[in-house]
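Enquirer: Residue numbers (this note's numbering): 1464 to 1868.
Note that the Cβ used here is the ideal one computed from N, Cα and C, for glycine as well.
Being a predicted model, the structure only gives us computed values, none of them experimental.
1) Hey, residue 1588 and residue 1647 are a contact pair by Cβ (cut 8 Å); roughly how many whole angstroms apart?
2) How long is the line joining the alpha carbons of residue 1846 and residue 1688, rounded to whole angstroms?
3) For residue 1772, count neighbouring Cβ atoms within 10 angstroms of its own Cβ and tell me buried if that reaches 16, exposed if not.
4) Give the range of the alpha helix (DSSP H) segment to which residue 1870 is assigned.
5) Going by Cα to Cα distance, which pick from 1651, 1669, 1703, 1700 is closest to residue 1682?
6) How would you call residue 1516, buried or exposed, if buried means at least 16 neighbouring beta carbons within 10 angstroms?
7) Can you name, in chain order, every residue of its own chain whose Cβ lies under 8 Å from the Cβ of residue 1524, other than the five neighbours on each side?
8) Over what stretch of residues does the beta strand (DSSP E) that includes residue 1810 continue unbroken?
9) Should residue 1883 go down as buried or exposed, given a rule of 16 or more other Cβ atoms within 10 Å for buried?
10) How many whole angstroms separate the CB atoms of residue 1837 and residue 1822, which I take to be in contact at a CB cut-off of 8 Å?
11) Are the beta-carbon atoms of residue 1580 and residue 1609 separated by less than 7 Å?
12) Taking only runs that begin and end inside the region 1796 to 1854, name each unbroken beta strand (DSSP E) of 3 or more residues, in chain order.
13) Quick check on DSSP: helix, strand or coil for residue 1508?
14) So what does DSSP say about residue 1730, is it helix, strand or coil?
15) Mind checking whether residue 1626 and residue 1736 have CB atoms under 7 Å apart?
16) For the beta strand (DSSP E) that residue 1746 lies in, which residues bound it at each end?
17) Between which two residues does the beta strand (DSSP E) holding residue 1784 run?
18) Could you check where the beta strand (DSSP E) with residue 1866 kicks off and where it finishes?
19) Which parts of the region 1581 to 1652 are runs of the beta strand (DSSP E), unbroken and 3 residues or longer, counting only runs that do not cross its ends?
20) As an exercise, report each continuous beta strand (DSSP E) stretch of at least 3 residues that is fully enclosed by the region 1468 to 1525, in chain order.
21) Return the Cβ separation of residue 1855 and residue 1761 in integer angstroms, given the expectation that the two are a contact with Cβ distance under 8 Å.
22) Can you check DSSP and say which residues form a bridge with residue 1858?
23) Which residue marks the beginning of the beta strand (DSSP E) containing residue 1560, and which one marks its end?
24) Work out the CA separation of residue 1531 and residue 1605 for me, nearest whole Å.
25) What does DSSP give as the partner residue(s) for residue 1658 in the beta ladder?
26) Beta-carbon within less than 6 Å of residue 1490's beta-carbon, same chain only, minus the 5 sequence neighbours each way: which residues are those?
27) Using only alpha-carbon positions, find the residue among 1745, 1714, 1733, 1707 that is nearest to residue 1720.
28) List the whole-angstrom C-beta distance separating residue 1859 from residue 1764, where the pair is believed to meet the contact cut-off of C-beta under 8 Å.
29) When you compare each of 1727, 1521, 1851 to residue 1471 by their alpha carbons, which one comes out closest?
30) Taking a contact to mean a Cβ-Cβ separation below 7 Å, would you say residue 1578 touches residue 1632 in this structure?
31) Give me whichever residues DSSP pairs with residue 1671 in a beta bridge.
32) With residue 1766 as the anchor, note down where its beta strand (DSSP E) starts and where it stops.
33) Taking the C-alpha atoms as reference points, what is the distance between residue 1716 and residue 1724?
34) Assuming residue 1691 is part of the beta strand (DSSP E), what are its boundary residues?
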């Protein structure tokens, strides 16, 4: 893969900005500090957004954004989600709205999410729950965690809010994690659940400000509203950690650099908060329940996938091989994108269970063919995605496709 750096610059300086690709291929870039200095001095801040074209070139205009202005200093790294109708969901601190980029206008203001601060420097996690037939492909946002202030010892929020922003009168439905967390990441899993992982149970983002680390993996089931702890790591994953879904359906967990400069394990000073936790270079793989207890041996195999570029007018033809005789009701085809991840913020993460029709099978060879398509009421950003085929909840290795605008 070739990487090209053009000479174009953003319209203004942005440190800790968020970005979301829109349905027309433009990139919406919002917020960011002008100089990485004290955000309580508003002259240091950049509460605006700008647009890049699909070649990454800025149109050179900063648009002032009210939701960013009013929520300073808790306004950097806002949560952004492209809703199923193509409009943008924007969440800052405790406030959120639906925004129409084409008209530079707020469509609808949401009620505030109860609890502590939710965005930087007390960042929680944010996901748009999987879009599937069972929920009529309706966009639903889930936001978990947060904190009270940017300092060591800050209490962390244990609550999560779920919101269906496209409803006539949206209301937050509040649930609770097993523990409070800051810098917690939400990763969409292939069984429709959400992994919440990494971060700390007290403190905030920044160097030496989070302790103790949160070591357990928490899985939330959106259908039953229940939480389960599914494993524990001995490695702290604090500031600058990341987690993302891999092609085999497991989750990669990496990094942690809670120090201004890298610190080796042998340089740890337990009574010095700036050097209490080392820079972590090891990576881990978390195995979801759908691949445990030997279930990975039941993986189907995708043999053919066509076309590899999809749009509204094309269907996806998939041929796969299963380990046993199956029927269509035990098969799911999922379109997924990790987007891009930094500072526990997952930008552009989306998961859609595709509509399926057309079914052929050869029971003797356990070879099957299915036709799948993106639902008409789901709007996607163009770019690379991964197709997964699940049989009885066990995924085949994902295959890359491209969605074109």
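Expert: This is what the structure gives:
1) 5 Å
2) Each residue's Cα considered, the two are about 32 Å apart.
3) exposed
4) What is shown of the chain runs 1464 to 1868, which leaves residue 1870 out entirely.
5) 1651
6) exposed
7) 1474, 1513, 1514
8) 1808 to 1810
9) Because the chain in this structure spans residues 1464 to 1868, residue 1883 falls outside the shown range and cannot be described.
10) About 18 Å separates the two Cβ atoms, so there is no contact after all.
11) yes
12) 1803 to 1805, 1808 to 1810, 1813 to 1816, 1818 to 1825, 1830 to 1836, 1846 to 1854
13) Note: residue 1508 maps to strand in three-state DSSP.
14) helix
15) Contact flag unset, no.
16) 1746 to 1749
17) 1779 to 1784
18) 1862 to 1866
19) Under the rule that a run must span 3 or more residues, the beta strand (DSSP E) segments found entirely inside the region 1581 to 1652 read 1588 to 1591, 1604 to 1607, 1622 to 1626, 1636 to 1639, 1648 to 1651.
20) Counting only runs that start and end inside the region 1468 to 1525, the beta strand (DSSP E) elements of at least 3 residues fall at 1481 to 1484, 1490 to 1493, 1511 to 1515.
21) 7 Å
22) Residue 1858 pairs with 1853.
23) 1558 to 1563
24) 20 Å
25) 1650, 1682
26) 1482, 1484, 1515
27) 1745
28) 6 Å
29) The shortest Cα separation from residue 1471 among 1727, 1521, 1851 belongs to 1521.
30) no
31) Partner(s): none; residue 1671 has no beta bridge.
32) 1764 to 1769
33) 21 Å
34) 1689 to 1695
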